[in-house]
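Below is one structure, written out as structure tokens; comments come after it.
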Amino acid sequence: MNDMSTIERGAKLSETKVSARGVNVHYGDTHAIKDVNVDISNNNVTAFIGPSGCGKSTFLRCLNRMNDTIDICRVDGAIQLDGQDIYDKRVDPVQLRARVGMVFQKPNPFPKSIYDNVAYGPKIHGLAKSKSDMDDIVERALRRGAIWDEVKDRLHSTGTGLSGGQQQRLCIARAVATEPEVLLMDEPCSALDPIATAQVEELIDELRENFTVVIVTHSMQQAARVSQKTAFFHLGELVEFGETGQIFTKPEDPRTESYITGRIG
Amino acid sequence: MQEQHIASAFDRDLETIQARIMKMGGLVEVSIMDAARSLETRDEELAEQVRANDKAIDALEEMINEEAARVIAMRAPTASDLRLILSVTKISGNLERIGDLSKNLAKRTGVLAQMPPVGDSPAAMRRMAREVERMLKDALDAYIQRDVELAADVIGRDHEVDQMYNTLFRELLTFMMEDARNITPCMHLHFIAKNIERMGDHVTSIAEQVIYLVTGERPEDERPKADVTSVSL
Chain A
0 MNDMSTIERG
10 AKLSETKVSA
20 RGVNVHYGDT
30 HAIKDVNVDI
40 SNNNVTAFIG
50 PSGCGKSTFL
60 RCLNRMNDTI
70 DICRVDGAIQ
80 LDGQDIYDKR
90 VDPVQLRARV
100 GMVFQKPNPF
110 PKSIYDNVAY
120 GPKIHGLAKS
130 KSDMDDIVER
140 ALRRGAIWDE
150 VKDRLHSTGT
160 GLSGGQQQRL
170 CIARAVATEP
180 EVLLMDEPCS
190 ALDPIATAQV
200 EELIDELREN
210 FTVVIVTHSM
220 QQAARVSQKT
230 AFFHLGELVE
240 FGETGQIFTK
250 PEDPRTESYI
260 TGRIG
Chain B
0 MQEQHIASAF
10 DRDLETIQAR
20 IMKMGGLVEV
30 SIMDAARSLE
40 TRDEELAEQV
50 RANDKAIDAL
60 EEMINEEAAR
70 VIAMRAPTAS
80 DLRLILSVTK
90 ISGNLERIGD
100 LSKNLAKRTG
110 VLAQMPPVGD
120 SPAAMRRMAR
130 EVERMLKDAL
140 DAYIQRDVEL
150 AADVIGRDHE
160 VDQMYNTLFR
170 ELLTFMMEDA
180 RNITPCMHLH
190 FIAKNIERMG
200 DHVTSIAEQV
210 IYLVTGERPE
220 DERPKADVTS
230 VSL
């Protein structure tokens, strides 16, 4: 299904899933995100690239209100998910995060069994009616995480006993178990070896059939490989946002050019 | 020019490859002029030298392609760096072809030197070759200076070379109709004229690479075929 060549694998023409308008983020006196406008489209992988401290992770964390947990952090502007303002007072951040899942840089499975790691989310959100229902949910999530075949015979052994690459795929399985609509990934491969990275990248490409994926990565090659749209952040600004092939062959902004060709750090 | 890469070895790689392109370009310019001169002066020794010198041009092309492959594999170039690497592989290919055409010209010079001369077409061909050589020099200057205007100018001038070829084509046809004994030398002369015209096309392609390298756009081919002499009965 996803065996299209890179050339054919262009951005799908699809609807806007997440829309940000005039987003500014302050950490105390630090102006971390400056007036960012971006439309993230459905069933595409959007990559955020930029040097450390450019605000790409901060902006990613705005998309599921992870920044709420930081006291000194202030988010202004409008972010809409399917046209609905996610910072509206009536929106429950916990419910929001079930719709907008997240995978972190370091694999962080719960110190529980593989099965319980995946079942945890569906359980607290009441997604399973019975034990066999839950078994189905867990199996489907682990299959989507491309790790089912490796763990199906040891579902009740601990998740932390898996290899780094397996742990990260388990975390992705855990994130998709609640059937989120958007999946945020903050450098999901930076702690993985090249083989595990390739497996996770393949998985990301498969996930976009059903999810909207936003990935923050320090690896330009990874952004080029997995994404259809790329956004380049620099000093808190969204400098350029466009089709990935265009960004990597003919960027319009000289700052993008300098960054991707290795001229500024 | 652009600011430097953080990895200075990357800059050195790119500079080395471009220096080789310039060296190759210099050898090809000499080859064109020597081949045309050998034709006009019926100098078989010079023609032989042109043929021998082509080996150095071929070796440079191979070297450039190998180095370009290494840069792609090891540095994963993007944006203008990527366009630079793509352009050097194409330009080296064009230069190699021009070198081959020049070598072929020199080969025919050897054959023509054994026959009585026909008309003064070798002088016209030398003028044509001189124009192509000037275009090549300008195309390479445009390349090093990233000069899109000069590159566009070179592309425009190929039209003149095409016209010179069409004039020669008519002239050679007349000689052949006058006397059947002229057919053998005229066929050789025609191939030579065609080879020089082809060189002009390769130079045009180099100039197009300059535009692509700088702008990221391929120039549109909007040159109409002005003269249909060579394709009409």
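Order-wise, the sequence lines are chains A and B. FYI, numbering that gives the first Met the number 0 numbers position 179 of the first sequence as 178, with every residue one higher than the one before it. FYI, numbering that gives the first Met the number 0 numbers position 99 of the second sequence as 98, with every residue one higher than the one before it. Just so it is clear, CB atoms sit at the ideal spot from N, CA and C, and this is done for glycine as well.
Every unbroken stretch of the alpha helix (DSSP H) spanning 4 or more residues and falling wholly within the region 145 to 225 of chain A is given here in chain order: 147 to 150, 163 to 176, 193 to 206 and 219 to 225. In the structure shown, B:T183 falls within a helical segment according to DSSP collapsed to helix, strand and coil. For the pair A:L154 and B:M73, the Cα-to-Cα distance works out to about 41 Å. Residue range V147 to E177 is occupied by the alpha helix (DSSP H) that includes B:F174. Membership of A:M101 in the beta strand (DSSP E) is indicated by the continuous run V99 to V102. In the three-state reduction of the DSSP assignment, A:D84 falls in the strand class, which pools E and B. Among the CB atoms of chain B, none fall inside 7 Å of the CB of A:Q245.
Taking 7 Å as the CB threshold, A:T15 stays off the interface with chain B.
Of B:D10, B:L212, B:R69 and B:T40, the smallest CA-CA separation from B:V147 is found for B:L212. As the crow flies, the alpha-carbon of B:F168 is around 10 Å from that of B:C185. Listed along chain B is no residue with a C-beta nearer than 7 Å to that of A:I48; the closest approach is about 11 Å. Under the Cβ criterion of 7 Å, B:D10 is not counted among the residues facing chain A.
Excluding its 5 nearest sequence neighbours in each direction, A:Y26 has C-beta neighbours in its own chain below 7 Å: I71 and C72, listed in chain order. As the crow flies, the alpha-carbon of B:V87 is around 22 Å from that of B:I5. The three-state secondary structure of A:T15, taken from DSSP, is strand. Inclusion of B:I97 and B:V27 in the CB contact set at 7 Å is warranted, their separation being smaller than that value. CA-to-CA, the gap between B:R11 and B:T203 works out to about 28 Å.
Short of 7 Å from the beta carbon of B:E132, and not among the five residues preceding or following it, lie these beta carbons of its own chain, in chain order: E28, I31 and M32. Secondary structure at A:I39: strand, using DSSP grouped into helix, strand and coil.
When C-beta distances to chain A are compared with 9 Å, the residues of the region 64 to 76 of chain B below that value are R74, A75 and P76, in chain order. The residue among B:A67, B:T166 and B:T183 with its C-alpha nearest the C-alpha of B:G92 is B:A67.
For A:P187, the closest Cβ of chain B is not nearer than 7 Å. For the pair A:I39 and A:K16, the CB atoms are nearer than the 7 Å cut-off.
Along the region 219 to 252 of chain A, going in chain order, the ones with a CB nearer than 8 Å to a CB of chain B are M219, Q220, A223, F247, T248, K249 and P250. Interface residue (Cβ-Cβ distance to chain B less than 7 Å): A:T196 is not classified as such. A:H217 and A:G100 have their C-alpha atoms spaced approximately 20 Å apart.
At a Cβ-Cβ threshold of 7 Å, A:L62 and A:D185 do not count as neighbours. A:T260 counts as buried, since at least 16 other C-beta atoms from the protein chains shown sit within 10 angstroms of its C-beta. Counting the other CB atoms within 10 Å of its CB gives B:A46 a total of 16 or more, which places it among the buried residues. With respect to chain A, the C-beta atom of B:I84 has no partner C-beta closer than 7 Å. In the DSSP assignment, B:V29 falls within the unbroken alpha helix (DSSP H) covering S7 to T40.
In the three-state scheme derived from DSSP, where H, G and I count as helix and E and B as strand, B:G109 is classed as helix. In this structure, A:Q167 sits away from A:L182, with a CB-CB distance that is not shorter than 7 Å. Per DSSP, reduced to three states, the secondary structure at A:T45 is strand. Here the alpha carbon of A:R207 sits roughly 23 Å from the alpha carbon of A:G163.
Going by C-alpha positions, B:V49 is about 21 Å away from B:D200.
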